[in-house]
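Asker: I have a structure here, written as structure tokens, and I will follow up with some questions on it.
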Amino acid sequence: MAKNAEISDKLMTLEAAVKKFIKNGSQISLGGFTIVRNPMALTYEIIRQGIKDLHIVCHSHGQALDVLIGAGCVKRLEIAYGGSGRYAPTCIRFKKAIQQGQIEFEDYSNYQMSLRFLAGALNIPFIPTKSGLGSDLLNYEGFSKEVRKERKVASKKFDMIQNPFTEEKDDVVLLPALNPDVTILHVQYVGEDGTIRIKGLTFADIEQAKSADYVIVTCEEIVPRSFIRLDPDQNSLPPFFVDAIVKVPYGAHPTGCYGFYDYDPKHLNMYRVIAEDDEKFKKYLDEWVYDIKTHEDYLNKVGAEMLIKLKANPILGYAVGLDRR
Amino acid sequence: MAKNAEISDKLMTLEAAVKKFIKNGSQISLGGFTIVRNPMALTYEIIRQGIKDLHIVCHSHGQALDVLIGAGCVKRLEIAYGGSGRYAPTCIRFKKAIQQGQIEFEDYSNYQMSLRFLAGALNIPFIPTKSGLGSDLLNYEGFSKEVRKERKVASKKFDMIQNPFTEEKDDVVLLPALNPDVTILHVQYVGEDGTIRIKGLTFADIEQAKSADYVIVTCEEIVPRSFIRLDPDQNSLPPFFVDAIVKVPYGAHPTGCYGFYDYDPKHLNMYRVIAEDDEKFKKYLDEWVYDIKTHEDYLNKVGAEMLIKLKANPILGYAVGLDRR
Amino acid sequence: MSLNYSDNEMMAISAGRFIKDGDIVFAGTGVSMLAATAAKRIYAPKAVVFFETGGIDPSLDEIPMAVSDLRVMSGTCLNSGLIEAFSIVGHRKLHTIAFLGAAQIDKYGNLNTTSIGNYFRPKTRFSGSGGACDVASFASGVITFMQHEKRRFVEKLDYLTSVGWYKGGDSRRKLGLVRGGALAVVTNLGVMGFDEKTKEMYLDQYYPGVSIKTIQENTGFDIDVSRAKEAIPPTEEELMILRNEVDPQRLICKA
Amino acid sequence: MSLNYSDNEMMAISAGRFIKDGDIVFAGTGVSMLAATAAKRIYAPKAVVFFETGGIDPSLDEIPMAVSDLRVMSGTCLNSGLIEAFSIVGHRKLHTIAFLGAAQIDKYGNLNTTSIGNYFRPKTRFSGSGGACDVASFASGVITFMQHEKRRFVEKLDYLTSVGWYKGGDSRRKLGLVRGGALAVVTNLGVMGFDEKTKEMYLDQYYPGVSIKTIQENTGFDIDVSRAKEAIPPTEEELMILRNEVDPQRLICKA
Chain A
0 MAKNAEISDK LMTLEAAVKK FIKNGSQISL GGFTIVRNPM ALTYEIIRQG
50 IKDLHIVCHS HGQALDVLIG AGCVKRLEIA YGGSGRYAPT CIRFKKAIQQ
100 GQIEFEDYSN YQMSLRFLAG ALNIPFIPTK SGLGSDLLNY EGFSKEVRKE
150 RKVASKKFDM IQNPFTEEKD DVVLLPALNP DVTILHVQYV GEDGTIRIKG
200 LTFADIEQAK SADYVIVTCE EIVPRSFIRL DPDQNSLPPF FVDAIVKVPY
250 GAHPTGCYGF YDYDPKHLNM YRVIAEDDEK FKKYLDEWVY DIKTHEDYLN
300 KVGAEMLIKL KANPILGYAV GLDRR
Chain B
0 MAKNAEISDK LMTLEAAVKK FIKNGSQISL GGFTIVRNPM ALTYEIIRQG
50 IKDLHIVCHS HGQALDVLIG AGCVKRLEIA YGGSGRYAPT CIRFKKAIQQ
100 GQIEFEDYSN YQMSLRFLAG ALNIPFIPTK SGLGSDLLNY EGFSKEVRKE
150 RKVASKKFDM IQNPFTEEKD DVVLLPALNP DVTILHVQYV GEDGTIRIKG
200 LTFADIEQAK SADYVIVTCE EIVPRSFIRL DPDQNSLPPF FVDAIVKVPY
250 GAHPTGCYGF YDYDPKHLNM YRVIAEDDEK FKKYLDEWVY DIKTHEDYLN
300 KVGAEMLIKL KANPILGYAV GLDRR
Chain C
0 MSLNYSDNEM MAISAGRFIK DGDIVFAGTG VSMLAATAAK RIYAPKAVVF
50 FETGGIDPSL DEIPMAVSDL RVMSGTCLNS GLIEAFSIVG HRKLHTIAFL
100 GAAQIDKYGN LNTTSIGNYF RPKTRFSGSG GACDVASFAS GVITFMQHEK
150 RRFVEKLDYL TSVGWYKGGD SRRKLGLVRG GALAVVTNLG VMGFDEKTKE
200 MYLDQYYPGV SIKTIQENTG FDIDVSRAKE AIPPTEEELM ILRNEVDPQR
250 LICKA
Chain D
0 MSLNYSDNEM MAISAGRFIK DGDIVFAGTG VSMLAATAAK RIYAPKAVVF
50 FETGGIDPSL DEIPMAVSDL RVMSGTCLNS GLIEAFSIVG HRKLHTIAFL
100 GAAQIDKYGN LNTTSIGNYF RPKTRFSGSG GACDVASFAS GVITFMQHEK
150 RRFVEKLDYL TSVGWYKGGD SRRKLGLVRG GALAVVTNLG VMGFDEKTKE
200 MYLDQYYPGV SIKTIQENTG FDIDVSRAKE AIPPTEEELM ILRNEVDPQR
250 LICKA
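Below you can see the structure in the form of structure tokens.
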């Protein structure tokens, strides 16, 4: 079989993938976590295409979420954590948007959001947990009654029932399943057969992919079928869950990608400062998103020197001794 | 650190492991599936120690289950499937025991049982599904009201509720979590640090292990810490879920173990015939269980010639061209 | 020219012809495994065969003897587990066709793989649901393999393990099962379909050499035969692939 | 001899001393990561440090800057995901101690990491729960790191993100949270405990050079100081390990 023949209908450009699957108002779930494996190249393309009114559903997100919010793409947000680790304990544009009442938001916890994706992946309407009993996560509903009527929004934040398997008082929280329109992921490997292999932590990527109507995957490498099928215990998703594949080396920059490159501390520090200032942030978007014509332009802008500095030790998975201040 | 120092308190003999963790009346969950990775060496030791009144909880089980039932160790059973593939579409001693009213039994489906283990692993009291709506699995309760009051038995087989997130009629089945006393597994690798690596399909082993109070693991090999930690994406369970480790090469025979050896068609065919006849079955138990003093005796009884025939091709994982009639 | 072929071969070919490219095919043991593999090798190369144990798209160079067979873990795109597998069967994004076997079937395609006689003290106990109940609940369509005998095609099941069209009409949907249902029944005598409206079983194809009357006599309920046509026998090519590629050791073909 | 050490160092050491061999330690970012790693390297070599992202027992040759840091995936015994991690936190078989940070804390050890002011239009928005609410619900005990300021130690939280002892007494158990609760609060001034019965915060240790009065003045509610004793400062060996082995790049120690 000719190389890539099995995935020829899924291989496309960033532009085509976003155009085909993401619309104004889409509910989008973001892969990765805070400063690792954020689908940044896809995020930038969403911004470039001027997509509006996105409903983002995520657990802990940093860079991709913050840039999307800052660029005005996001109308509605269900989230557990908006931060970039030590580089921005609270994401700046996220913070500003909530403080200024610019987005509708609903707070959950990380486990709650992950379980909601799991429920969506298992095709069950809700999933029980005891997490959050007594907390204000169960006292405040962020979304209004009007928002609750809209597509892809749960009819209520949660429900509480008595455990029917015991006669003792036992409150159980039921969380509504999530089934986003599109999940966007950046991963290390896609096989020529379409199989996905994520190296290192998978976060909730697999549940997010399986819960979605469509899945767009960007990857560092497309590898031979013979390689990816030799040890299938390591693989993460079968081909039939993935709808679009784009090869984008360094597609998670400035966030990291285990085994390939570290997060970019200089960029993340620079971003935190710039994001505080509306004018500077606008300039940042021009410089790093709107004026970028191709991904090669982007890589050149990061610069060969930095790319090499960020390169991960192939055994340890990160850039040993990288200056991370 | 000295070799195996990290797991020195967990490394023990089959005899000690069974003595320490399995009692008359224990609820036991069996790892593996029909004719693969059944924890046979542990099963034989349970029989030798004369453990009685076991409450077995499993999805699809063949050889280990059938021998345990035939040896009179089992009082109570929650199960989805009792069979050994083409070698015994219905397990013989299982069939006899139910037809003769010798065991209490409760039927579930494979997904239902797996989800019940998942709920136990996630520490939630129940889990929703739509599987089984309209079926007799939801019409017949196998256990009596008296049995329902006993420890580790759910207060009812299932519950049915209206999905609280929709106003349309939407029935959802709630399945009670399982938390067995002990899960017994046979796996390929245990690291010197206690990490477990299962190769090939994991079935519901991981959920079963995490749902249990105690976990006994037999393994083909104990491998260096440096090996098992080099690619932790491949590992199955962290050390702290495992309470006893026994190295038992060919510990799943006559069932198979991916990458190590195939199931033994000759033995399985012989067993099917013998299991039909009470006298012959008694003799089988004497020969293959009671009279076996050490695992080396067992291996000698199988015979070097057969062990070599069963040896798996290390790349394909099974014994290529094995006569499986 | 007339070819010799076994019941299992005719059944595997008849069932395999239902599979379309892109289908995700859930296979059990025996003839169902033969049919699934044949479908992929002959009719629908882009179909994906997978197993409830979690093995997805194995190379199947040798035919597995159980759904947990080591051959189900070899050359796959993913080795996962039961929960993964069943969530695939029910995934709304996928068109999943399941092959099942059963001891009893009724005219609405409901299946019994649990027991004959009183449930609590049965005359004959079978293996139980396994994944059958789950798959019958979730798949886009179920194709069932049966030995065509009166005692197996019954008016009322001794135990309803796996729901087909339930009580006919839209009763399955009303249960809350949003898709799926019995697609076809493939026996050693012919192929049955289900009426689009009533969901009652009818005779769709009788095999060459089998009379409609034989089928009626071996069915324990009245079956509509007005739409029956003779089945197309396996071609030489189909048999060759089945015997040489799907089941080179002739473990299932011969029966 | 008097040693120089930073607030973060004193805090990490104070918290690390709570960890016992065999504990499963849930670490967050910053000083919490420092404390978890220090605990394992100094006091409890058999403790296991793990992260909500799914990284279990990483080698931590370099200190991670986020719980998703690539350094959290290196040399682990298992790289899993969020669901796996949180099911470990709550596992009844494991004694799990969690390190958390917060913007506000009340006298029952309840935490706010969500916002200050009106929830819907806050004066200051923070990151949100992340895994804090889950961990506070499930862990065997929570140790919280705080900057000791009046505006942070408050009578009433603006938002209760993570439950400690809830309303005191047995109110936490009555919620349905079967174990856990606030174990200690480690600040830049001292270490607070919680009364066994009332579950109210009390001053357990004040750091050398810090007066009890300073702590009272920086606490926004009345705090029992009757049990207070001076904390043992870090030893030379503790500091050496912290600086040379735990955080050789001095990313967190210096603060």
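Protein chains in written order, with numbering that gives the first Met the number 0: chain A, 0 to 324; chain B, 0 to 324; chain C, 0 to 254; chain D, 0 to 254. Beta carbons are placed, not taken as given, at the ideal position from N, Cα and C, and that holds for glycine.
Give me the chain B residues within the contact set of Q233(A), using Cβ-Cβ distance strictly less than 7 Å, ordered along the chain.
Answerer: D232 and Q233
Asker: What did DSSP end up calling R16(D) once you bin it into helix, strand or coil?
Answerer: coil
Asker: With three or more C-beta pairs closer than 8 Å as the rule, is the segment 191 to 211 of chain B touching the segment 180 to 198 of chain C?
Answerer: no
Asker: For K175(A), report the span of its beta strand (DSSP E) as first-last.
Answerer: Looking at the sequence provided, one finds Pro at residue 175(A) rather than Lys. Residues D170 to P175.
Asker: With DSSP run on the structure shown, which of helix, strand or coil describes F119(C)?
Answerer: coil
Asker: Any beta carbon from chain G within less than 8 Å of G189(D)'s own beta carbon?
Answerer: This model lacks chain G altogether, as its protein chains are A, B, C and D.
Asker: So, does the CB of V146(A) fall closer than 8 Å to a CB anywhere in chain B?
Answerer: no
Asker: For the segment 127 to 155 of chain B, which residues have a CB atom closer than 9 Å to at least one CB atom of chain D, in sequence order?
Answerer: none
Asker: Could you run through the segment 80 to 95 of chain B and flag, in chain order, every residue whose CB is less than 8 Å away from some CB of chain C?
Answerer: Y80, G81, G82, S83, G84, R85, Y86, P88, T89, C90, F93 and K94
Asker: Checking the sheet assignment: what are the DSSP bridge partners for S28(B)?
Answerer: V56(B) and T182(B)
Asker: To the nearest whole angstrom, what separates the beta carbons of V73(B) and I97(B), a pair I think is in contact under 8 Å?
Answerer: Contact doesn't hold; Cβ gap of about 11 Å is too wide.
Asker: In chain order, what residues of the same chain lie with their CB nearer than 8 Å to the CB of G168(D), ignoring the 5 residues before and after it?
Answerer: Once the five neighbours on either side are set aside, the close Cβ partners of G168(D) are K196, T197 and K198.
Asker: I'd like to know if R124(D) contacts chain A, where contact means its C-beta is closer than 8 Å to some C-beta of that chain.
Answerer: yes
Asker: Classify V209(C) as helix, strand or coil using the three-state DSSP reduction.
Answerer: coil
Asker: Is it buried or exposed, D8(B), if we count other Cβ atoms within 10 angstroms and call 16 or more buried?
Answerer: exposed
Asker: Output the residue ranges of the beta strand (DSSP E) runs that lie fully inside the segment 51 to 119 of chain D and measure 3 residues or longer, sorted by chain position.
Answerer: 95 to 100
Asker: Are there 16 or more other CB atoms within 10 angstroms of the CB of P38(B), so buried, or fewer, so exposed?
Answerer: With 16 or more neighbouring CB atoms inside 10 Å of its own CB, P38(B) falls in the buried class.
Asker: Give a yes or no on contact between the segment 85 to 100 of chain C and the segment 248 to 256 of chain A, applying the rule of three or more CB pairs nearer than 8 Å.
Answerer: no
Asker: Quick one: is F125(B) near chain D, going by C-beta distance under 8 Å?
Answerer: no
Asker: Decide yes or no for the touch test of the segment 201 to 211 of chain C against the segment 200 to 210 of chain B: beta carbon pairs closer than 8 Å, at least 3 of them.
Answerer: For the pair of segments examined, the segment 201 to 211 of chain C was found not to touch the segment 200 to 210 of chain B: the number of CB pairs separated by less than 8 Å stays below three.
Asker: Which residues mark the beginning and the end of the alpha helix (DSSP H) in which Y297(B) is found?
Answerer: H294 to V301
Asker: Can you tell me whether L267(B) is buried or exposed? The criterion is at least 16 other CB atoms within 10 Å of its CB, across all chains shown.
Answerer: It counts as buried.
Asker: Less than 8 Å between CB atoms is the rule here; does F116(B) satisfy it with respect to chain A?
Answerer: Not one beta carbon of chain A lies nearer than 8 Å to the beta carbon of F116(B).
Asker: Can you look up A211(A) in the DSSP assignment and give me helix, strand or coil?
Answerer: coil
Asker: In this structure, how does DSSP classify P348(B) when only helix, strand and coil are distinguished?
Answerer: Nothing about residue 348(B) can be reported from this structure: the residues present for chain B run from 0 to 324 only.
Asker: Looking only at DSSP bridge pairs, what is R75(A) linked to?
Answerer: According to DSSP, R75(A) bridges with H54(A) and E103(A).
Asker: Can you list, in chain order, the residues of its chain with a C-beta nearer than 6 Å to that of I221(A)? Leave out the 5 residues immediately preceding and following it.
Answerer: V189 and K246
Asker: For D158(B), which residues in chain A fall below 9 Å Cβ to Cβ?
Answerer: P163 and F164
Asker: Which chain B residues are close to L173(A), counting only those with a beta carbon under 7 Å from its beta carbon?
Answerer: Here the neighbours are P163.
Asker: Return the CA-CA distance between G328(A) and V134(D), expressed in angstroms with no decimal places.
Answerer: The structure shown does not extend to residue 328(A), since chain A is modelled only from 0 through 324, so no value can be given for it.
Asker: If contacts are defined as beta-carbon pairs under 8 Å, then S121(C) and S114(C) qualify, I think. What distance do you get, rounded to the angstrom?
Answerer: Before going further, note that residue 121(C) is Pro rather than Ser in the sequence given. 4 Å between Cβ atoms; contact.
Asker: Give the DSSP bridge partners of I160(B), in chain order.
Answerer: V171(B)
Asker: Please tell me whether I27(A) and P238(A) are closer than 8 Å, where the distance is taken between their beta carbons.
Answerer: The Cβ atoms of I27(A) and P238(A) lie no closer than 8 Å to each other.
Asker: What does the Cβ neighbour count give for M0(C), buried or exposed, with the cut at 16 atoms within 10 Å?
Answerer: With a pLDDT of only 45 at M0(C), under the threshold of 50, the placement of this residue in the model should not be trusted, and no figure is reported.
Asker: For chain A, find out if any of its Cβ atoms is closer than 8 Å to the Cβ of I96(C); answer yes or no.
Answerer: no
Asker: Which residue or residues does DSSP assign as beta-bridge partners of M145(C)?
Answerer: T186(C)
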